[in-house]
DNA sequence: CCCTAAAATGTAATCGATTACAAACTGGTC
DNA sequence: GACCAGTTTGTAATCGATTACATTTTAGGG
């Protein structure tokens, strides 16, 4: 009976280092050394230990090892919305880099809900991860505690969180948004709309500011730009389109702060019988793969998604290793990709540039798709 | 100097249960009890402990707790391809369910590369997760060891892995693929193409078999169906389209085993100047959000993505709790959603059904989009 | 055969919690 | 004041590894 009990518990993860030690007739220390530093172990014990290991199928309990070593070999990745294909690709980049260093990813998906942050602050507090990669553009907090005050190595991707003493890997949202404005102005547009990200979001603020900066340089008042609230998701694009259709004074060009919003906006207009780019020109942001697959293909700002992830992960690994330099900003290039969703407005003549031509800016040169 | 050393190490996660015990003038046992079972602790010690906890900001080290409890409160989710929006949504469902039970997700992304399986077999072996959710339709293996022989609680989502003694949450790929065939036959199509999933993939096999079954019932030989190899991704759709364009004997209707392939296939044909559904009707599989956003909207098989995730996670939690029933199959409904990408072939007259009408089958009734 | 340095091994502390068990304390009753 | 039952608390083992330090073994030289 006692034996059957033991066997039941054995079903999971029973062979321990002690079992191997007994089997091989050595101490646990020798077993551990054989596995970690075989050069310090005599050939004789080495083979005995190794045989015991293969015979039993022993695998060290990593949880125990990590407790001893005060590390977990796990990274918490806090992501605003897992369903957004932009982030999915960034995650792939992160994972590629982490895998090389032996780290695994725990995904902290917020689903765009700030109240979910607390769960991951708790996770980070309790010593279950060695570092945090933050893709949210804000400092996650909860239970009165902020993730910043944990003293855990962190790195930010996609957005610079002000006042954070940690590296950030970003694109220059503002500068490339100026290029967007210049591109649309160059096509001859004069009445603009903007579909925003969530209020307070840093990327949103920068993209909006850059767009208005660009327009202002051409003498267009920011107040004249129609602004639809959004949350980077498909629903926001649809809602913006519904309002657009109700209006008398329709903009001829709309900049959406994400591709998902741009695509949903465009589709809703097309379904309503409008033409793109004939009636409206549309520009997105992110450069997700589907931007090239919609009809017409979307003009968008392409971010180096995979590399944002890789570089962010690398920066975090440096912080963990202690070789990082704390706060610093790594800027990756973003590129305006001109698709078929932008053209001169129907009534007017193009003022400078012909349709479908990239407008380079000092920050990021435009580039023809393909 | 000793003190400065202590302080340096303190930077991360220093305050331990012993510190609290000292501060409150009680033993570690009392601290632990205060936090877990306060009813067994006198009010006097309780307040002293609690005060010490708030003063120091103590958080229990979960790694240590888990070592003692022989669990990790983490689930490994093995996913074929994180960038596929279908899986992203399943993951959200999984996370919603796991969160309620206090579990966190470690993502095992294979990027469609079988050689990456070994990494996660190792992870699962080493006692770092309490269970595995497998979305891959096969048993991950590596280093000569298969994930099945680990004795870890497992559950499969999306595909039934033969011979596995674990629950599986799936849709009936085969039955709904018969409906796809019936829908296309009903529109009058007689020449068909099929873009497949990866060779050997179970979903692929079932979808292909169901499609051919449906065609065979109408007297169409499976050998007459053009079959393009694919891997569920965008590239496969493009490749298939390139071959399609080269052919003389073009099918009039193409069934793609995933939406991504269908969308890429469609876009490539449109770009080449063909009309959809005028020249070719196209059907996808999965029901990702972008299927509704492409032009024309895609006819596709909608899977209950979020619920597949939820139910799979729930089944796994049952297995972990010991209340599961081992092998069993939970079938969720899949629905053929008729979009604008299917219509009667141009030359022929429709034989039975008019265009854009759902063809119900005994397995899954068709349903008009919206 | 002894001595010494180098090599190999073992002992036991440690990581930070939980918990069985024993011990100490409390209050009430006679 | 003794006794008992019920509370409360502390001691120490435990989870499964790693590793500093001590100890033993080995090899080689004289």
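Residue numbers (the numbering used here), protein chains in the order written: chain U, 1 to 370; chain H, 1001 to 1370.
C-beta atoms are modelled at their ideal positions from N, C-alpha and C, and glycine is treated no differently.
Are the beta-carbon atoms of residue i and residue j separated by less than 7 Å?
{"i": "residue 170(U)", "j": "residue 194(U)", "result": "no"}
{"i": "residue 120(U)", "j": "residue 75(U)", "result": "no"}
{"i": "residue 1118(H)", "j": "residue 1156(H)", "result": "no"}
{"i": "residue 210(U)", "j": "residue 177(U)", "result": "yes"}
{"i": "residue 343(U)", "j": "residue 258(U)", "result": "no"}
{"i": "residue 401(U)", "j": "residue 332(U)", "result": "For residue 401(U) there is no data in the structure shown, the boundaries of chain U being 1 and 370."}
{"i": "residue 83(U)", "j": "residue 1088(H)", "result": "yes"}
When the Cα of residue i is compared with those of the options, which residue comes out closest?
{"i": "residue 1285(H)", "options": "1268(H), 1125(H), 1260(H)", "result": "1260(H)"}
{"i": "residue 1412(H)", "options": "1278(H), 1279(H), 1301(H)", "result": "Missing from the structure shown is residue 1412(H); chain H here goes from 1001 to 1370 and no further."}
{"i": "residue 1014(H)", "options": "14(U), 88(U), 112(U), 125(U)", "result": "125(U)"}
{"i": "residue 1201(H)", "options": "1108(H), 1187(H), 1114(H)", "result": "1114(H)"}
{"i": "residue 1246(H)", "options": "1094(H), 1291(H), 1274(H)", "result": "1274(H)"}
{"i": "residue 1236(H)", "options": "1072(H), 1217(H), 1198(H), 1079(H)", "result": "1198(H)"}
{"i": "residue 1203(H)", "options": "1218(H), 1180(H), 1219(H), 1172(H)", "result": "1172(H)"}
{"i": "residue 189(U)", "options": "31(U), 250(U), 129(U), 139(U)", "result": "250(U)"}
{"i": "residue 338(U)", "options": "283(U), 73(U), 70(U), 186(U)", "result": "283(U)"}
Tell me the rounded alpha-carbon separation between residue i and residue j.
{"i": "residue 1345(H)", "j": "residue 1227(H)", "result": "19 Å"}
{"i": "residue 65(U)", "j": "residue 214(U)", "result": "55 Å"}
{"i": "residue 1295(H)", "j": "residue 1277(H)", "result": "10 Å"}
{"i": "residue 324(U)", "j": "residue 310(U)", "result": "15 Å"}
{"i": "residue 1330(H)", "j": "residue 1091(H)", "result": "18 Å"}
{"i": "residue 1144(H)", "j": "residue 1018(H)", "result": "44 Å"}
{"i": "residue 25(U)", "j": "residue 49(U)", "result": "8 Å"}
{"i": "residue 85(U)", "j": "residue 175(U)", "result": "23 Å"}
{"i": "residue 242(U)", "j": "residue 264(U)", "result": "11 Å"}
{"i": "residue 1027(H)", "j": "residue 1053(H)", "result": "14 Å"}
{"i": "residue 1107(H)", "j": "residue 1167(H)", "result": "20 Å"}
{"i": "residue 212(U)", "j": "residue 222(U)", "result": "6 Å"}
{"i": "residue 1279(H)", "j": "residue 1266(H)", "result": "11 Å"}
{"i": "residue 51(U)", "j": "residue 1063(H)", "result": "31 Å"}
{"i": "residue 34(U)", "j": "residue 55(U)", "result": "16 Å"}
{"i": "residue 134(U)", "j": "residue 79(U)", "result": "7 Å"}
{"i": "residue 1162(H)", "j": "residue 1153(H)", "result": "16 Å"}
{"i": "residue 233(U)", "j": "residue 192(U)", "result": "21 Å"}
{"i": "residue 335(U)", "j": "residue 304(U)", "result": "9 Å"}
{"i": "residue 95(U)", "j": "residue 1184(H)", "result": "41 Å"}
{"i": "residue 1270(H)", "j": "residue 1239(H)", "result": "14 Å"}
{"i": "residue 1131(H)", "j": "residue 1320(H)", "result": "7 Å"}
{"i": "residue 81(U)", "j": "residue 1146(H)", "result": "33 Å"}
{"i": "residue 30(U)", "j": "residue 21(U)", "result": "8 Å"}
{"i": "residue 1328(H)", "j": "residue 1318(H)", "result": "12 Å"}
{"i": "residue 1043(H)", "j": "residue 150(U)", "result": "30 Å"}
Kindly say whether residue i, judged by its beta-carbon, lies nearer than 7 Å to any beta-carbon of chain U.
{"i": "residue 1028(H)", "result": "no"}
{"i": "residue 1105(H)", "result": "yes"}
{"i": "residue 1233(H)", "result": "no"}
{"i": "residue 1016(H)", "result": "no"}
For residue i, decide whether its Cβ has a neighbour in chain H, counting only Cβ atoms nearer than 7 Å.
{"i": "residue 340(U)", "result": "no"}
{"i": "residue 20(U)", "result": "no"}
{"i": "residue 109(U)", "result": "yes"}
{"i": "residue 208(U)", "result": "no"}
Handout entry: Residues from the region 1060–1071 of chain H in contact with chain U, defined by Cβ distance under 7 Å
Key = Answer set for the region 1060–1071 of chain H: 1060, 1061, 1062, 1063, 1064, 1066, 1067.
Exercise for the section: Could you list the residues in the region 1125–1159 of chain H with a C-beta less than 7 Å from some C-beta on chain U, going in chain order? Expected result: Of all residues in the region 1125–1159 of chain H, 1125, 1126, 1127, 1128, 1151 have a Cβ within less than 7 Å of some Cβ in chain U.
Practice task
With 7 Å as the limit, tell me which residues of the region 260–275 of chain U have their beta carbon closer than that to any beta carbon of chain H; keep them in chain order.
Solution key: The residues in question are 263, 264, 267, 270.
Practice task
Could you please tell me which residues of the region 1290–1313 of chain H, in chain order, have their CB closer than 7 Å to any CB of chain U?
Solution key: Legend: CB atoms of the region 1290–1313 of chain H lying less than 7 Å from CB atoms of chain U belong to residues 1290, 1293, 1294, 1295.
Handout entry: Selection of the region 1079–1096 of chain H by Cβ proximity to chain U, strictly under 7 Å
Key = Per Cβ criterion, the list reads 1082, 1083, 1085, 1088, 1089, 1091, 1092, 1095.
Practice task
Please name the residues in the region 234–251 of chain U whose beta-carbon is closer than 8 Å to at least one beta-carbon of chain H, in chain order.
Solution key: Cβ contacts with chain H come from 234.
Handout entry: Residues of the region 171–192 of chain U with Cβ closer than 7 Å to any Cβ of chain H, in chain order
Key = Answer set for the region 171–192 of chain U: empty.
Practice task
Can you give me, in chain order, the residues of the region 1315–1328 of chain H that have a beta carbon less than 8 Å from any beta carbon in chain U?
Solution key: Within the region 1315–1328 of chain H, no residue has a Cβ that lies closer than 8 Å to any Cβ of chain U.
Problem - Residues within the region 26–54 of chain U neighbouring chain H, beta-carbon criterion of under 8 Å - result: Considering only beta carbons, no part of the region 26–54 of chain U lies closer than 8 Å to chain H.
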